[in-house]
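> My structure is below; once you've seen it, I'll send some questions.
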Amino acid sequence: MNTTPPEGTHWTEDQWKAIATEKSSLLVAAAAGSGKTAVLVERIIQKVTRRENPVDVDRLLVCTFTNAAAAEMRNRVSEALEKALAKEPGSLHLRRQLSLLNRASISTLHSYCMKLVKQYHYLTDIDPAFRIGDTAELDLIQDEVIEDVLEEEYGKENNLAFFEVMDRYTTDRSDTDVAVQIKRMYDFSRSHPWPSAWLNELVQTFERESVATIDESVYGNILLESVKTQAEGWKTMLSQALQLAKEPGGPAGYAPHLEDEVAQVEHVLSSLRDSWTTAAQACDEMAFKKLPAIRKTDLIDDELKQKTTELRDRVKKEWKLVQERYFARSADSYMKDFMTLTPMVRELVRLVNAFEESYEAQKKERGIVDFSDLEHAALHILRAPASTPDLVIPSEAAEAAKQYYEEIMVDEYQDTNLVQEAIVGLLANETNQFMVGDVKQSIYGFRLAEPALFTDKYRRFGDNDGGVKVDLSMNFRSRQDVLFAANHLFKQVMDEKVAKIAYDDAAALVPGLQGAYTPTEHFTPELLIVDQSGESVGEDEGSTEELDKAVVEARLMAQKIKEWVSQPEQYAIFDKHTGQTRGPQYRDIVILLRSMPWASAIMDTFRKEGIPVYAELASGYFQATEVAVTLSLLKVIDNPFQDIPLASVLRSPIVGLDEEQLALIRVANKRGSYFEALCAYEQVGEDFSLRTTCQLFLTRLNRWREKARRAPVAELIQQVYEVSGYLDYVGGLPGGKQRQANLQALLDRARQYEETSFRGLFRFMRFIERMQDRGDDLGAARALGEQEDVVRIMTIHKSKGLEFPFVLLAGLGRKFNTKDLSAKMLLHQHLGFGSPMINPVARFQYTTLPQLAIREQLQQEMIAEEMRVLYVAMTRAREKLCMVGTVANAEKKLNVYNMQAESAMGPLLSEFVRSNAASYLDWLIPAFLRHPAIELDVASSQRLTSQGSFHMEVVPLEKAAITSGEEAVKLSLDPVKHGEIRPVDDELYERVSARLRWRYPNEQLTKVKSKQTVTELKRKMDTVEAQLIDYRPAVKSARSSPMERPLFMQETKKTLTPAERGTVLHTVMQRLDWSEIHSEDDVEEGLERLVMMDQLTVEQRQSIEAADIYTFLNQPIGQQIRHADAVYKEVPFTFSVPSSKLYSVTGDAPVLIQGMIDLIFEDATGLYILDYKTDRISERYNSVDEGLEVLRKTYVSQLQMYAYAVEQIWKTPVKRAYLYVMDVHRVVEISPATSIEALFAGMGEEATT
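Numbering (full-length UniProt numbering), first residue to last: 1 to 1249.
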């Protein structure tokens, strides 16, 4: 294998190794920004286009994580094939690959499973016409199924095991806890290749543990390992305290006690290697004696004394927690719990199986599946019937797939779960797997992803066991200082034990774009620590404690954003699309948050600061006023006897009643429901206006209720919007675009609901209520395009795979979310089930061994995942990384963090520090206190030899919280508060006055139209000449005229108006084929054909005389057209004229003129224009000639404008323009205008009022 990239290519050696390696399975560990997608695509291209043994593209199975990634990859492959084909246009192989690409298996694994199920549907019990169930629909089915299952269990006689479970794990008010646990156990089981086996293993684990000793227990060993980590941390802290006590000025009298306590901790560590009992005894025997008093005469440094005492006190606190949490109970009592819990677990498993059976039946009845069903159906197809969990035998389908696919490629392999791994394992052989990913970016633990699959292969392949490992560490995204900052941090926090992967030289990021970025100190990565211990931020803000951390950090970030945007030269960024540098824009900036609770506060602060901002909020949708009002109306339509929703609707703009009117309605019937009172007032109310309003609403309500009974919910909502006008109304409110998007999202949700197996308004409202009860939210509807110039706020998970020139990483001082760890019942993929021991009779509970062990394991896995989340966040930045966090007391916290940094033995921070972190700052600050560029007073003496620059700053609260202009205002108002006269700044006064006096120089242009039709201009020119009407380009009245009934609903058919007859004639003249007309009968046939083609109605056909058209075609003008070289019918045009030619205004702006020319024809003599007229003149004037003269004067300006437009656009002079008058079959000849001045003569004389 040649790992040297071909000459003229941009690939690194490692990238080319990943592209070119053959005859071996390959694991590519691709760090952030290392071009893994490009490598994967190039590997496909190389396999498809190589001259020796090329592979057809449809014989590669490429699995991506998202549909968007699959579409992008397919597009990249297509572009590469087209480029290759351009170089070899005669290659039949490349042409074949382009044709095969559409059916190539480049998709998500779920899509491939769907394809497999449809191909082998006869091997499954899934309906061939299945559909993927909507998530909300499936949740609703699950809720109904679990209710039915529990209801059935409650009805069984002597169901003692069930009632024992319910007594222990439910409350007096509901059985929600058990219902939730059953669904969670079901979901966990579905993430295993053998769901039933996993559930059975839960019971078997408890059965084994019930006869084992605590030293044999897997749970006991996990807890002992945790205590060991804690004890090592105690030893480190006590050793630091001892060192401080022995320093000059230190509390030397404390030293003997501290030495004794260090020895006690060492004894605990030694006992942990023996057994649980000896460890518990050693921990119980630990004693922290009272420290000797320090006399005032002793020359003791108070700061050293305080630090020593704080370290010791923290150890005492941690020891007490361990003692109470783990060793308060005896080993025997822990193990006896398994005897009691085993029947509980067995019964829960039985309930899960009953739920699964009923749930599967419901899905089968409806013909729907979920993504998990697709995966397990694919496994069923690929596994032979004789397969067992211990011995998996490939089926004939699996063997056929193995023979067909040359290689199995898996993108984002670190996010694969056990089921997906089993599917890939059945499709691949030992030498044809290509897996690419980065375990440091595995952040989908909540989806039960298994990063251990990646790390296990990484270790094995690194030892050449089963395949080849390739590390792609060169980053082609970010400035080197961003990469060096990430390396500095993660070399100190990531290792095999805590992070489950070592951040060694192979994992470290290497700059790959040194030449693209100009070195500058302005792009130095920053860590800004907001110190909340400062003074109050002003009288209106209240105390420091009350000041919201989110608002303070938002204000600080607003200062940074304004600094970046206002200094385009200092913060010029490299634009990858243009290859040039440019100043920063708002859309170049992103704010990354771990979760979105702070997003609303940040958005509000930014808006006050004048910074455009956008975030896809996952909450607040149902609280939006317009959505709440619409849902209240739907509730009333479903059941009007609901007082609160009805009052809400009546008070809303849909009806518009005030409080007094609502009170008057209530008085009409004090005892009944409010709806009954409304109906009563509609009959006997004294206020005529209010009674009329009630009548109108009740009439609409009855229509809507009738609509709800026979129409889909979406149609009902659409009708509500149209009839009430509420959608238009909210569009006129502040934030109207977002409000309308919210209402439209509700309509879209209703459409999606109707596509499910549920129907009707009642079920829809129940579905919405269940979403609200569960705390789910649709999130505010998207009302912004991707290219809008706004600062974006998003979660770190949303940002994965993206990159931004400026990244603000905020909320770093927030505690990690440990809500899942405090749940009553815990689940773990490998450790199983953990719950407290609950005595429902005595009404007490206590923790159990599996509960403690699973909680500890979940805590460790959470810590590892949070490290990976932080890695993803920091590597999103291309040029500038700014991290922001808040601490309560910076001086105190920094001293603690510095002690943690000093305790590090080598590059890594201590395991105790890393595993006990409660926020990102608990890693960031100790790590960067060791950076050589840090100049803080408390910077660690244990500096690392890290590359690059870095800036860490403690920002006082009063500085961080200052808003735009607040500092200047505060300074200017200080003298006024003391009664001093503040002089007026003449320069500022003049600037303000000048702005207030400013007038738009082209104000007159705002009063005239910027676009006109020829018809409007003709009318205007006629007005100027005849002074018959006063043309004013004003806005039409908003008052609407009464709507007429449609023609088909009118009792007597209405004849066509003259204008309608003219429109029909123009349609006929355009659509008739004149070359086929040789007689009047031909015209008749042509008209009938237009009717049959639905281009004319019968009424319109009857208004046209075939004789008129035939006569026209036999006139000299008609014959001339028939023999013309070219004929153009219904020709639209647009041209511009300076506004000064049309209006008496100062300033010149183009005015667009548009129109439609009936007919243009060209022969050897020139270009001609013809306009048909249906005006009746034979009966209106004394003679035909008089009528023709009137028409000539009426339409001369219109025909001249037509001629001028053709001459300007086609650059060809018009010889003549004609009017053809159908009424008398005469032609009126009009000469084109000689110039634009002649054409619009007199137009500017009109006043522009």
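Every residue, glycine too, gets a C-beta built ideally from N, C-alpha and C. Computed from a predicted structure; not experimentally measured.
At the 8 angstroms Cβ level, is N464 part of the contact set with chain B, yes or no?
Among the protein chains of the structure shown there is no chain B, as only one such chain exists.
> What is the DSSP secondary structure of M286, reduced to helix, strand or coil?
Numbered from 1 along the sequence shown, position 286 holds the residue referred to as residue 286. Residue state, collapsed to three classes: coil.
> Can you round the beta-carbon distance between residue 1268 and M166 to whole angstroms, since I take them to be within the 8 angstroms contact cut?
No answer is possible for residue 1268: the residues shown for the chain start at 1 and end at 1249.
> Rank Q532, V1151, L747 by C-alpha distance to the C-alpha of L957 and give the top, closest one.
Counting from one through the sequence shown, the residue named residue 957 turns up at place 957. Considering only alpha carbons, the answer is Q532.
> Identify which residue in F764, M286, I1153, S191 has its Cα closest to the Cα of A422.
The sequence position of residue 422 within the sequence shown is 422, counting from 1. Closest option to A422, Cα to Cα, is S191.
> Pull up the distance between the alpha-carbon of I126 and that of G367, whole angstroms please.
Start at 1 with the first residue of the sequence shown, and residue 126 comes out as number 126. Start at 1 with the first residue of the sequence shown, and residue 367 comes out as number 367. Straight across, the Cα-Cα distance linking I126 with G367 is about 8 angstroms.
> Between L593 and A810, which are expected to be in contact by the criterion C-beta below 8 angstroms, what is the C-beta distance as a whole number of angstroms?
Start at 1 with the first residue of the sequence shown, and residue 593 comes out as number 593. Start at 1 with the first residue of the sequence shown, and residue 810 comes out as number 810. With a Cβ gap of about 6 angstroms, L593 and A810 count as contacting.
> Given that a residue counts as buried once 16 or more other Cβ atoms are within 10 Å of its Cβ, and exposed if not, what is H257?
Mapped onto the sequence shown, residue 257 falls at position 257. Flag for H257 reads buried.
> Have a look at the DSSP bridge pairing and note the partners of M1156.
Mapped onto the sequence shown, residue 1156 falls at position 1156. According to DSSP, M1156 bridges with P1132.
> So who's on the other strand from C113, going by DSSP bridges?
Looking up residue 113 in the sequence shown gives position 113. Bridge partners of C113: none, in fact.
> Could you pull the start and end residues of the alpha helix (DSSP H) that T135 belongs to?
Stepping through the sequence shown from its first residue, residue 135 is reached at position 135. Where T135 is concerned, the enclosing alpha helix (DSSP H) stretches over 135-154.
> Give me the residue from R168, E1105, K1129, E1186 with the minimum Cα distance to M1222.
As a first step, residue 1222 must be located in the sequence shown, where it is residue number 1222. Ranked by how close their Cα comes to the Cα of M1222, the residues R168, E1105, K1129, E1186 have E1105 in first place.
> Contact between the region 877-894 and the region 246-265 is defined here as three or more beta-carbon pairs at a separation below 8 angstroms; is this criterion met?
no
> How about V713 and L646: are their beta carbons less than 8 angstroms apart?
For the purposes of this step, residue 713 is taken as the residue at position 713 of the sequence shown. For the purposes of this step, residue 646 is taken as the residue at position 646 of the sequence shown. The answer is no: Cβ separation not under 8 angstroms.
> Do you know offhand how far V667's Cα is from P653's?
Here residue 667 refers to the residue found at position 667 of the sequence shown. Here residue 653 refers to the residue found at position 653 of the sequence shown. Rounded to the nearest whole angstrom, the CA to CA distance from V667 to P653 is 22 angstroms.
> A1038 by DSSP, collapsed to three states: which one?
Translated into the one-based positions of the sequence shown, residue 1038 becomes position 1038. With a pLDDT of 34 at A1038, under the threshold of 50, the modelled position of that residue is not reliable, and the figure given next carries that caveat. Correct three-state label for A1038: coil.
> Would you mind working out which of L527, A1126, L988, S78 sits nearest A933, comparing C-alpha positions?
Residue numbering aside, residue 933 sits at position 933 when the sequence shown is read from its first letter. Among L527, A1126, L988, S78, the Cα nearest to that of A933 belongs to L527.
> Does DSSP put Q851 in a helix, in a strand, or in coil?
What you label residue 851 is simply residue 851 of the sequence shown in a count that begins at 1. Q851: helix per DSSP, three-state reduction.
> By the 10 Å Cβ neighbour count, where 16 or more other Cβ atoms means buried, how is E953 classified, buried or exposed?
Sequence index remark: in the sequence shown, residue 953 carries index 953 (1-based). It counts as exposed.
> I'd like the span of the alpha helix (DSSP H) that includes I126, first residue to last.
Counting from 1 along the sequence shown, the entry for residue 126 is found at position 126. Counting along the chain, I126 falls outside any alpha helix (DSSP H), and DSSP gives it neither H nor E.
> With distances taken Cα to Cα, identify the nearest neighbour of P54 among D463, G466, E406, G610.
For this step, residue 54 is matched to residue 54 along the sequence shown. Per the Cα distances, E406.
> Is the separation between the beta-carbon of L391 and that of R312 shorter than 8 angstroms?
Taking the sequence shown and counting its residues from 1, one reaches residue 391 at position 391. Taking the sequence shown and counting its residues from 1, one reaches residue 312 at position 312. For L391 and R312, no; Cβs fall outside 8 angstroms.
> Is it true that the CB of L743 sits closer than 8 angstroms to the CB of E626?
By 1-based counting over the sequence shown, the position of residue 626 is 626. By 1-based counting over the sequence shown, the position of residue 743 is 743. Against a cut-off of 8 angstroms, the Cβ pair of L743 and E626 comes out as a contact.
> Please name the residue in P343, R346, A280, G445 whose C-alpha comes closest to that of K320.
Translated into the one-based positions of the sequence shown, residue 320 becomes position 320. Minimum Cα distance to K320 is reached at A280.
> Tell me where the alpha helix (DSSP H) around F912 begins and ends.
The residue given as residue 912 occupies position 912 in the sequence shown. Element bounds for F912: 911-915.
> Count the other C-beta atoms from every protein chain shown that fall within 10 angstroms of the C-beta of Q772, then say buried if there are 16 or more, exposed otherwise.
Within the sequence shown, numbered from 1, the residue matching residue 772 stands at position 772. Exposed, since its Cβ has fewer than 16 Cβ neighbours within 10 Å.
> Could you tell me the alpha carbon to alpha carbon distance between Y1202 and E569, rounded to whole angstroms?
As a working mapping, residue 1202 is identified with position 1202 in the sequence shown. As a working mapping, residue 569 is identified with position 569 in the sequence shown. Roughly 53 angstroms between the two C-alpha positions.
> Given a cut-off of 8 angstroms, decide if L924 and L634 are closer than it, judged by their beta-carbon atoms.
Counted from its first residue, the sequence shown places residue 634 at position 634. Counted from its first residue, the sequence shown places residue 924 at position 924. For L634 and L924, no; Cβs fall outside 8 angstroms.
> Considering only the beta carbon of each residue, do K115 and P128 sit closer than 8 angstroms?
As a first step, residue 115 must be located in the sequence shown, where it is residue number 115. As a first step, residue 128 must be located in the sequence shown, where it is residue number 128. Cβ atoms of K115 and P128: not closer than 8 angstroms.
> Give me the residue from D56, G1155, G512 with the minimum Cα distance to R95.
Position 95 of the sequence shown, counted from the start, is the residue given in the question as residue 95. R95 has its Cα closest to that of D56, out of D56, G1155, G512.
> Would you check if the distance between the CB atom of K560 and the CB atom of L808 is smaller than 8 angstroms?
Counting from one through the sequence shown, the residue named residue 560 turns up at place 560. Counting from one through the sequence shown, the residue named residue 808 turns up at place 808. Yes, they are a contact pair.
> Under 8 angstroms, do V791 and I611 count as touching if we go by C-beta distance?
Mapped onto the sequence shown, residue 791 falls at position 791. Mapped onto the sequence shown, residue 611 falls at position 611. Their beta carbons are under 8 angstroms apart, which means V791 touches I611 by this criterion.
> Quick check on M905: does DSSP put it in helix, strand or coil?
Here residue 905 corresponds to residue number 905 of the sequence shown, with the count starting at 1. Reduced to three states, the DSSP call for M905 is coil.
> Which whole-angstrom value is the C-beta distance of L374 and A398, which I expect to be below 8 angstroms?
Position 374 of the sequence shown holds residue 374. Position 398 of the sequence shown holds residue 398. Not confirmed; about 16 angstroms, so no contact.
> In angstroms, rounded to a whole number, what distance separates the CA positions of R131 and F476?
Taking the first residue of the sequence shown as 1, we reach residue 131 at position 131. Taking the first residue of the sequence shown as 1, we reach residue 476 at position 476. If you take the alpha carbons of R131 and F476, they lie about 42 angstroms apart.
> M1069: buried (16+ other C-beta within 10 angstroms of its C-beta) or exposed?
For the purposes of this step, residue 1069 is taken as the residue at position 1069 of the sequence shown. Label assigned to M1069: buried.
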